[in-house]
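Undergrad: Take a look at this one; I'll ask things after.
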């Protein structure tokens, strides 16, 4: 993985998440859970390091932008 630079976290509430898992389905399931809660720039692909088990993704989340939950979305007519 590339190093996390100060630019990635230039404001409070911005989060860089490196996820490691046994397989692609596991890390993508984690990513999907995060994207249902916060505004997220999802990873488009997984990476594998030669000689290392598992896969990795990096995603960027903005904790300042919480997405509406199912009840809130239904009340606002978003569904």
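In the numbering used here, the protein residues as written are 5 to 83. Think of the CB as a built atom: it goes at the ideal place given N, C-alpha and C, for glycine as much as any other residue.
(1) Compute the Euclidean distance between the alpha carbons of residue 75 and residue 27, then round it to the nearest angstrom.
(2) Identify the continuous beta strand (DSSP E) that holds residue 39 and give its terminal residues.
(3) What is the DSSP secondary structure of residue 50, counted as helix, strand or coil?
(4) If I measure Cβ to Cβ from residue 21 and keep anything under 8 Å in the same chain, skipping five residues before and after, which residues do I get?
(5) What are the start and end residues of the beta strand (DSSP E) that includes residue 25?
TA: A quick look at the data gives this:
(1) Low local confidence applies: a pLDDT of 48 at residue 75 is under 50, so the model's placement there is unreliable, with the coordinate-based value given in what follows. Roughly 32 Å separates the two Cα atoms.
(2) No beta strand (DSSP E) contains residue 39, which is instead part of the alpha helix (DSSP H) from 28-39.
(3) coil
(4) 38, 62, 63, 64 and 65
(5) 18-25
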